[in-house]
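Asks: For the sequence shown, the working numbering begins at 5 and goes up steadily by one. Can you read through this structure? Questions will come right after.
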Amino acid sequence: MPPTATLKPRAIVLSGPSGSGKSTLIAELFKEYPTAFAFSISHTTRSPRPGEQDGREYHFIPRANMEKMIALGEFLETTEFSSNLYGTSKKSVEDVAQTGRICLLDVDKQDTTRSPRPGEQDGREYHFIPRANMEKMIALGEFLETTEFSSNLYGTSKKSVEDVAQTGRICLLDVDKQGVKNIRNTDLNALFIYISPPSYEILEQRLRGRKTESEAAIEKRLREAKESMEFSKEPGMYDHIVMNDQLDAAYQTLKEILRKDIEAVLEQQKVNNADK
Numbered sequence: 005m006p007p008t009a010t011l012k013p014r015a016i017v018l019s020g021p022s023g024s025g026k027s028t029l030i031a032e033l034f035k036e037y038p039t040a041f042a043f044s045i046s047h048t049t050r051s052p053r054p055g056e057q058d059g060r061e062y063h064f065i066p067r068a069n070m071e072k073m074i075a076l077g078e079f080l081e082t083t084e085f086s087s088n089l090y091g092t093s094k095k096s097v098e099d100v101a102q103t104g105r106i107c108l109l110d111v112d113k114q115d116t117t118r119s120p121r122p123g124e125q126d127g128r129e130y131h132f133i134p135r136a137n138m139e140k141m142i143a144l145g146e147f148l149e150t151t152e153f154s155s156n157l158y159g160t161s162k163k164s165v166e167d168v169a170q171t172g173r174i175c176l177l178d179v180d181k182q183g184v185k186n187i188r189n190t191d192l193n194a195l196f197i198y199i200s201p202p203s204y205e206i207l208e209q210r211l212r213g214r215k216t217e218s219e220a221a222i223e224k225r226l227r228e229a230k231e232s233m234e235f236s237k238e239p240g241m242y243d244h245i246v247m248n249d250q251l252d253a254a255y256q257t258l259k260e261i262l263r264k265d266i267e268a269v270l271e272q273q274k275v276n277n278a279d280k
């Protein structure tokens, strides 16, 4: 049963290049405050992969539907990747806020038109939907942001953010620089935080040290990282920049930035529990 409180925490938008440690910091937040945060579930027009479930990894919808939602302005951000649409709907963020939790928007966990990979479940990693449905939703304006990668669409629908809000948790959005630009142009009440590596050189060392990707893939990530780091310097884009040169210190800095938001959510949860 969702909380009865009217508290609707603001969404938190996190951005940063691959190798910045952003995912690790997000994991630490969920580990320490399991009831305070929640991810919005993105929409996608790709097909679910084995193990993926609708409403868990993604909301899987036909491209036509997603394009309609996009046209109606129902998305905070959308993107296209490998001919599949992905996006974060405004409703998904609002749903999280309604629950009294802080909504964490992860653009890697959006709606997408790609097929689920082994182990992925629809509604968990993504909302897997047909491309036509997602394109329709995008056309209807139902996404906050979208992008396309490898012919698949990815995006964060407005509904996915609303869904998190409805649970009383903090909605966290993990997006790239284009997602930040798009969300800045919406009426979403959010705090924008950039997770920065100490330097481009150290970031390159981290990426190459993984030894999990081809040289071409690494070079692509490095190009994107350079653009991301330059973008973070633009005035008015980010409210805070967290330098991750030492994980523990960076996490403490991030927690301090979010301290009041977390305290408000946890206090409201205590009130709700006492009323039951």
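Heads up, the beta-carbon is just placed ideally off N, CA and C, and yes, glycines get one too.
#1: Let's see if you can read the secondary structure: which residues bound the alpha helix (DSSP H) around residue 16?
#2: Please work out which residues of its chain come closer than 6 Å, Cβ to Cβ, to residue 180, disregarding the five sequence neighbours upstream and downstream, and give them in chain order.
#3: Residue 276 lies in the alpha helix (DSSP H); which residues open and close that run?
#4: Under 6 Å Cβ to Cβ from residue 136, same chain only, skipping five residues before and after it: list those, please.
#5: Identify the continuous beta strand (DSSP E) that holds residue 197 and give its terminal residues.
#6: Nearest CA to the CA of residue 38: which residue from 174, 211, 235?
#7: Nearest-angstrom Cα distance between residue 265 and residue 192?
#8: Does the segment 212-227 touch the segment 158-178, meaning 3 or more C-beta pairs lie closer than 8 Å?
#9: If we count the other Cβ atoms within 10 Å of its Cβ and call it buried at 16 or more, is residue 239 buried or exposed?
#10: By how many angstroms is the C-alpha of residue 29 removed from the C-alpha of residue 42?
#11: Any idea what DSSP makes of residue 92, helix, strand or coil?
#12: Count the CB pairs spanning the segment 51-63 and the segment 182-197 that are closer than 8 Å, and state whether there are at least three.
#13: Measuring CB to CB, does residue 82 end up less than 8 Å from residue 134?
#14: Jot down the residue ranges of each uninterrupted beta strand (DSSP E) in the segment 128-204, minimum 3 residues, whole runs only, in chain order.
#15: Between the segment 234-249 and the segment 199-208, do three or more beta carbon pairs fall short of 8 Å?
#16: Three or more C-beta pairs closer than 8 Å, one from the segment 13-25 and one from the segment 70-77: is that the case here?
#17: Report yes if the C-beta distance between residue 51 and residue 160 is below 8 Å; otherwise report no.
#18: Among 16, 15, 26, which one has its Cα closest to the Cα of residue 207?
#19: Here's the rule: buried if 16 or more other CB atoms are within 10 angstroms of the residue's CB, otherwise exposed. What is residue 178?
Replies: Per the coordinate set shown:
#1: Where residue 16 is concerned, there is no enclosing alpha helix (DSSP H), although the beta strand (DSSP E) around it starts and stops at 15-19.
#2: So no residue of the chain qualifies.
#3: 251-279
#4: 66, 67, 68
#5: 194-200
#6: 174
#7: 16 Å
#8: No, the segment 158-178 is not in contact with the segment 212-227.
#9: exposed
#10: 14 Å
#11: strand
#12: no
#13: no
#14: 147-153, 155-162, 172-178, 194-200
#15: yes
#16: no
#17: Cβ distance not < 8 Å, so residue 51 and residue 160 don't count as in contact.
#18: 26
#19: With a 10 Å radius around the Cβ and a threshold of 16 neighbouring Cβ atoms, residue 178 comes out buried.
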